[in-house]
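**Q** So that you can map any letter, position 41 of the sequence shown is 41 in the working numbering, and since no number is skipped, the others follow by simple counting.
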Amino acid sequence: MPPNTCTLIWEEPLTLPADTLRAEYYHPETLKPLCTVCENYGCNYACPPLSLDVEALLRQYAQAHLLAARLRLPPTLPKELLASLYVNAMAVFNRRLLACEAAEAGSLAIAPGHCTLCPRCARADGKPCPSPDRVRLSLDAFSLEIARLASELFHFEIQWFNDRPPAYLTLIGGLLSMRPQIPKPEESWVFAGLEEAVALPAGG
1 MPPNTCTLIW
11 EEPLTLPADT
21 LRAEYYHPET
31 LKPLCTVCEN
41 YGCNYACPPL
51 SLDVEALLRQ
61 YAQAHLLAAR
71 LRLPPTLPKE
81 LLASLYVNAM
91 AVFNRRLLAC
101 EAAEAGSLAI
111 APGHCTLCPR
121 CARADGKPCP
131 SPDRVRLSLD
141 AFSLEIARLA
151 SELFHFEIQW
161 FNDRPPAYLT
171 LIGGLLSMRP
181 QIPKPEESWV
191 FAGLEEAVAL
201 PAGG
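(1) Just verifying my parser: in three-state terms, what is the DSSP assignment at Glu195?
(2) Which residues in the same chain as His114 place their Cβ atom closer than 6 Å to its Cβ, once the five residues preceding and following it in sequence are excluded?
(3) For Gln181, is the classification buried or exposed, using 16 other Cβ atoms within 10 angstroms of its Cβ as the cut-off for buried?
(4) Thinking just about the alpha-carbon of each residue, which of Thr5, Gly193 and Pro185 is nearest to the one in Leu81?
(5) Straight-line CA distance for Pro165 to Gly126?
(6) Provide the residue span of the beta strand (DSSP E) that contains Tyr168, from first to last.
(7) Evaluate the contact criterion for the region 64-73 versus the region 162-176: three or more CB pairs, one atom per stretch, below 8 Å.
(8) Would you mind listing the beta strand (DSSP E) stretches within the region 70-120 that are 3+ residues and don't spill past its ends, in chain order?
(9) Taking a contact to mean a Cβ-Cβ separation below 8 Å, would you say Ala99 touches Arg136 in this structure?
(10) Drop a sphere of 10 angstroms on the beta-carbon of Asp133, count the other beta-carbons inside from all chains shown, and report buried for 16 or more, exposed for fewer.
(11) Mind checking Trp10: buried by the 16 CB within 10 Å criterion, or exposed?
(12) In terms of alpha-carbon separation, which member of Leu144, Ala192 and Pro75 lies closest to Leu31?
(13) Where does Pro28 fall in DSSP's three states?
(14) What whole-angstrom Cβ distance do Leu169 and Ala89 have, given they're in contact under 8 Å?
(15) For the alpha helix (DSSP H) containing Leu137, name the first residue and the last one.
(16) Quick check on this structure: which residue in Leu149, Gln159 and Phe156 has the alpha carbon closest to the alpha carbon of Thr15?
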């Protein structure tokens, strides 16, 4: 990998019926209250509270293709750079996710985190989104149990920054689709074991 970068390592995508995802992992009664303490709550158009019914949205699709990747962290990463590094990793993750979305008309990407299209979201200032067609809801906005998705389906645990950086950060997103297999721009596209460089923020 180039200098001043971290490595994003992709897992093999998993597919399950959208109804199964909803039945097993959709728990708004416990997850919605947790979102209220997040700094993006009400301040980012990809995050809660939402005016649309995400459960009804899930019912519109036959399949849920889940994508996951782990961002390997340097052991000396300062905690204050973590948020910026995660944004950089989301940009790399979302490029591949949105390319899959573009390969199937009518499919819908679910981002691994808040929207970062603008330096500051217009929602924080009570203004309309300047690019509503480009915003993709976060996985948190769907009230899906991300920790269980990681452990039960991808077989790794989400790690947190305590006194020192964890070994990795987790990114999980998805694609709601009508196809039984994840659409890819090219058949030669691979995920499992794919490594991509993520730039460290200045000072990292």
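Even glycine gets a Cβ: it sits at the ideal position worked out from N, Cα and C.
On a predicted model such as this, the values are computed, not experimentally measured, just so you know.
**A** So, to answer that:
(1) The count along the sequence shown starts at 1 and reaches residue 195 at position 195. Three-state DSSP puts Glu195 in a strand.
(2) Residue numbering aside, residue 114 sits at position 114 when the sequence shown is read from its first letter. Cβ within range, chain order: Asn40, Asn44, Ala46, Cys47 and Ser138.
(3) The residue given as residue 181 occupies position 181 in the sequence shown. Exposed, because fewer than 16 other Cβ atoms sit within 10 Å of the Cβ of Gln181.
(4) Here the question's residue 81 lines up with position 81 in the sequence shown. Comparing Cα positions, the closest option is Thr5.
(5) Position 165 of the sequence shown, counted from the first residue, corresponds to residue 165. Position 126 of the sequence shown, counted from the first residue, corresponds to residue 126. Whole-angstrom Cα-Cα distance: 35 Å.
(6) Numbered from 1 along the sequence shown, position 168 holds the residue referred to as residue 168. From DSSP, the beta strand (DSSP E) with Tyr168 extends over Tyr168 to Ser177.
(7) yes
(8) 108-110
(9) As a first step, residue 99 is located in the sequence shown; it is residue number 99 there, counting from the start. As a first step, residue 136 is located in the sequence shown; it is residue number 136 there, counting from the start. It is not a contact, given that the beta carbons lie outside the stated cut-off.
(10) Counting from 1 along the sequence shown, the entry for residue 133 is found at position 133. By the neighbour-count rule (16 or more Cβ atoms within 10 Å), Asp133 is not buried but exposed.
(11) As a first step, residue 10 is located in the sequence shown; it is residue number 10 there, counting from the start. When all chains shown are included, Trp10 counts as buried.
(12) In the sequence shown, residue 31 corresponds to position 31, counting from 1. That would be Leu144, whose Cα lies nearest to the Cα of Leu31.
(13) Against the sequence shown, residue 28 aligns to sequence position 28. Looking at Pro28 - three-state DSSP - the assignment turns out to be helix.
(14) As a position in the sequence shown, residue 169 is number 169, starting the count at 1. As a position in the sequence shown, residue 89 is number 89, starting the count at 1. Confirmed, Cβ separation roughly 7 Å.
(15) Locating residue 137 in the sequence shown gives position 137, counting from the first residue. Where Leu137 is concerned, there is no enclosing alpha helix (DSSP H), given that its DSSP letter is neither H nor E.
(16) For the purposes of this step, residue 15 is identified with residue 15 of the sequence shown, where counting begins at 1. Measuring from the Cα of Thr15, the nearest candidate turns out to be Leu149.
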